[in-house]
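Per this note's numbering, residue 8 is the first one in the sequence shown, and the count goes up by one each step.
A virtual CB, placed ideally from N, CA and C, is assigned to each residue, including glycine.
Note that the structure is predicted; figures quoted are calculated from it, not measured.
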Amino acid sequence: MEKQKRMLLIQPTIYDNNHLLVKKDRLFFIGLTMPLLAAECGNDWEVEICIETIEEIPWDTDIDLIGIGSMGHSIIRGIEIAKEFKKRGKTVVMGGYMASLVSDEVKQYCDCIMIGDAEGYWQEMLTDYLNGTLKPFYQKTIDKLSTPLPRYELVTCKKIGDFLPVQAGRGCPNSCSFCSIACLYKGKYLRREIPEVMRDIQKVKELGFKKFLLIDDNILSDRKYTMDLCNEIKKLHMTWYSQCSIKLAEDPELLKCVADSGCICLSFGLESISPGNLKKINKSWEDPREYGRLVKTIIDAGIDVATEMMIGLEDDTVQSIRDTAKFVIDNKITAPKFYIITPVPGTPFFDDVKDSEELVNKDIYTYSPSGPAVKNSLNLSAKEIDEMYWWLYNEVYSVKNIFKRIVFCRSFVRHPFRSMFNLGVNFFYRYHIKHNIAPIIV
8 MEKQKRMLLI QPTIYDNNHL LVKKDRLFFI GLTMPLLAAE CGNDWEVEIC IETIEEIPWD
68 TDIDLIGIGS MGHSIIRGIE IAKEFKKRGK TVVMGGYMAS LVSDEVKQYC DCIMIGDAEG
128 YWQEMLTDYL NGTLKPFYQK TIDKLSTPLP RYELVTCKKI GDFLPVQAGR GCPNSCSFCS
188 IACLYKGKYL RREIPEVMRD IQKVKELGFK KFLLIDDNIL SDRKYTMDLC NEIKKLHMTW
248 YSQCSIKLAE DPELLKCVAD SGCICLSFGL ESISPGNLKK INKSWEDPRE YGRLVKTIID
308 AGIDVATEMM IGLEDDTVQS IRDTAKFVID NKITAPKFYI ITPVPGTPFF DDVKDSEELV
368 NKDIYTYSPS GPAVKNSLNL SAKEIDEMYW WLYNEVYSVK NIFKRIVFCR SFVRHPFRSM
428 FNLGVNFFYR YHIKHNIAPI IV
């Protein structure tokens, strides 16, 4: 009997610090992977998507082919889901960057692993499944990034936010020792052709959305591409978010082009305000002594600043973490997020510390960037890192400091409605912090 061309794609949730599944009434940052994989299936496949953070998993589904993602810490839940569906006689495929980095380990829980980028071998996997010849691993290096139009309609019917994701590029030319992207792409950066990117943005607009999230790990790696793309985006009169290097502030012409095109918020991986820390994680091209000036330049251009920083690095002390809080508050950073440095298997950082006496927890399935910390640093024990992590979040997201960062600044006068929205987001984050749920997993 011919197998039905049906697939269930699952985006697992994660566990919070109380080991409870994180569940939400609405998910604002929706992933692109599942709508994109659904499109890769082609028109002759019936595809369903389950986003576990806002939905319950349909355990009794009659679909036989199950695809499970593994974004970061969600791999732990993904493995649990895979084991349950295997018990139910389903064929389980796993992929995503975490499954790719520890593919031999994860393979014991599923039928096959998709390693790296799915483009180029997704159809091969589907054909093999239908023929009963599924391979244990699929991997193919791609030299050009081109994707079909994501099947956004499979997620727009769900309880999501007011924007959709669009991808411009993938990979990164840098080689930070802690970064899974650097480990997977090994300095390679691929970008999509601008007409293809614009096709997706236009579709987002046609679906009634006025905002989009531009996904790219290093959009500044090609200045002309960014200028040309922003000039096209400007024509659509939409607003958008993205992430890039803080060095954008050093290029006034490009910064103006980005702002004029409708960009209203950028996230920057600052990592640390310590030059020594940045050097030790192979990110010494950034100069934290310039961060304050560069952040101000971005804000003055009319773009809100979100930041991602780590604690538990070698040079960190109680005082340096207190200084980090002061830096965030003084520089009016709209949406600061913090991570505990965690050795991700497959990265150089993991290889450096896996046999170290400083590593107090070697169970990789318990690792989470929101703690508990798994490694002592030079100046702080893992327990002290945990304590300072939550102190930092509670300090930065205290009522007083939320108002300092959001209300008592020029941006509130220049962009009052946007600032009121940001104020609401900050109190939303504060609510979760008070329940020991870090904003990085909200």
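Residue nearest to residue i in terms of C-alpha spacing, selected from the options
i: glycine 215; options: Thr233, Glu160, Arg198 and Gly176; result: Glu160
i: phenylalanine 410; options: Tyr396, Met427 and His26; result: Met427
i: isoleucine 453; options: Ala45, Ala332 and Leu261; result: Since the first and last residues shown for the chain are 8 and 449, residue 453 lies out of range.
i: lysine 241; options: Val302, Ile222 and Ile208; result: Ile208
i: isoleucine 222; options: Phe36, Ile56 and Gly378; result: Phe36
i: glutamate 227; options: Val211, Ser249, Glu239 and Leu220; result: Here residue 227 is leucine; the residue named in the question, glutamate, does not match the sequence. Nearest of Val211, Ser249, Glu239 and Leu220 to leucine 227, Cα basis: Ser249.
i: serine 252; options: Glu297, Phe219 and Leu243; result: Glu297
i: threonine 140; options: Lys10, Gly103, Thr60 and Asp169; result: Lys10
i: leucine 39; options: Lys12, Pro157 and Val113; result: Pro157
i: phenylalanine 415; options: Ile336, Pro446 and Asp51; result: Ile336
i: valine 162; options: Gly76, Ala256, Arg206 and Glu62; result: Glu62
i: asparagine 50; options: Pro376, Lys12 and Trp398; result: Lys12
i: glutamate 364; options: Ile75, Thr354 and Ala389; result: Ala389
i: aspartate 124; options: His422, Arg437 and Gln146; result: Gln146
i: arginine 291; options: Asp118, Asp71 and Glu278; result: Correcting the residue type first, residue 291 is serine in the shown sequence and not arginine. Closest option to serine 291, Cα to Cα, is Glu278.
i: serine 405; options: Leu430, Gly74, Phe424 and Arg425; result: Leu430
i: arginine 206; options: Thr154, Gly168, Trp247 and Lys166; result: Thr154
i: tyrosine 374; options: His80, Thr246 and Ile73; result: His80
With 16 other Cβ atoms within 10 Å as the buried cut-off, status of residue i
i: arginine 33; result: exposed
i: glycine 345; result: Per the sequence shown, residue 345 should be read as phenylalanine rather than glycine. Buried, by the Cβ-count rule.
i: proline 295; result: buried
i: valine 204; result: buried
i: phenylalanine 434; result: exposed
i: tyrosine 1; result: The shown model of the chain, from 8 to 449, leaves out residue 1, and the question about it has no answer.
i: glutamate 47; result: buried
i: cysteine 164; result: exposed
i: tyrosine 232; result: buried
i: glutamine 174; result: buried
i: glycine 103; result: buried
i: aspartate 330; result: exposed
i: tyrosine 372; result: exposed
i: histidine 244; result: exposed
i: lysine 339; result: buried
i: arginine 412; result: buried
i: phenylalanine 424; result: exposed
i: arginine 18; result: One detail in the question is off: residue 18 reads as glutamine in this sequence, not arginine. Classification of glutamine 18: buried, given that the 10 Å Cβ count is 16 or more.
i: tryptophan 66; result: exposed
i: threonine 349; result: buried
i: glycine 299; result: exposed
8 Å Cβ shell around residue i - same chain, five flanking residues per side excluded
i: serine 110; result: Ile120, Ile122 and Phe144
i: tyrosine 116; result: Ile86, Ala89, Lys90, Lys93, Val99 and Met101
i: aspartate 267; result: Cys237 and Lys241
i: leucine 28; result: Thr20, Ile21, Tyr22, Glu59 and Arg84
i: threonine 324; result: Asn386 and Leu387
i: aspartate 235; result: Ile201
i: aspartate 135; result: Leu141 and Lys142
Residue(s) in a DSSP beta bridge with residue i
i: proline 172; result: Leu220
i: aspartate 69; result: DSSP, once it has assigned bridges, lists no residue as partnering aspartate 69.
i: isoleucine 56; result: Leu16
i: glycine 74; result: Leu16 and Val100
i: isoleucine 122; result: Gln146
i: threonine 246; result: Lys218
i: isoleucine 167; result: Leu34
i: tyrosine 116; result: In DSSP, tyrosine 116 forms no bridge with anything.
i: arginine 177; result: Leu197
Sequence-distant residues of the same chain with beta carbon closer than 6 Å to residue i, five excluded per side
i: valine 449; result: At valine 449, the pLDDT of 48 sits below 50, so the modelled position is not reliable; the number obtained from the coordinates is stated separately. Same-chain partners within the cutoff: His439.
i: leucine 152; result: Arg177, Leu197 and Arg199
i: aspartate 322; result: Ser281, Gly283 and Asn284
i: glutamate 315; result: Gly276 and Lys344
i: valine 54; result: Met14, Ala45 and Cys48
i: leucine 301; result: Ile253 and Ala256
i: lysine 287; result: Glu321
is_contact[residue i, chain B] using C-beta, thresh 8 Å
i: glutamate 391; result: The displayed structure is made up of one protein chain only, and chain B is not part of it.
Cβ neighbours of residue i in the same chain (closer than 7 Å, five flanking residues each side left out)
i: tyrosine 396; result: Ile318, Phe345, Ile347 and Gly378
i: aspartate 307; result: none
i: aspartate 393; result: Gly378, Pro379 and Ala380
i: histidine 26; result: none
i: proline 352; result: Leu108, Val109 and Ile371
Length-filtered (3 minimum) beta strand (DSSP E) runs lying within the region 12-49
13-18
What alpha helix (DSSP H) runs, 4 residues minimum, are completely inside the region 271-313?
282-287 and 298-307
Every unbroken alpha helix (DSSP H) within the region 311-390, with a cutoff of 4 residues, ordered by chain:
325-337 and 355-360
What are the complete alpha helix (DSSP H) segments, minimum 4 residues, inside the region 420-447?
423-440
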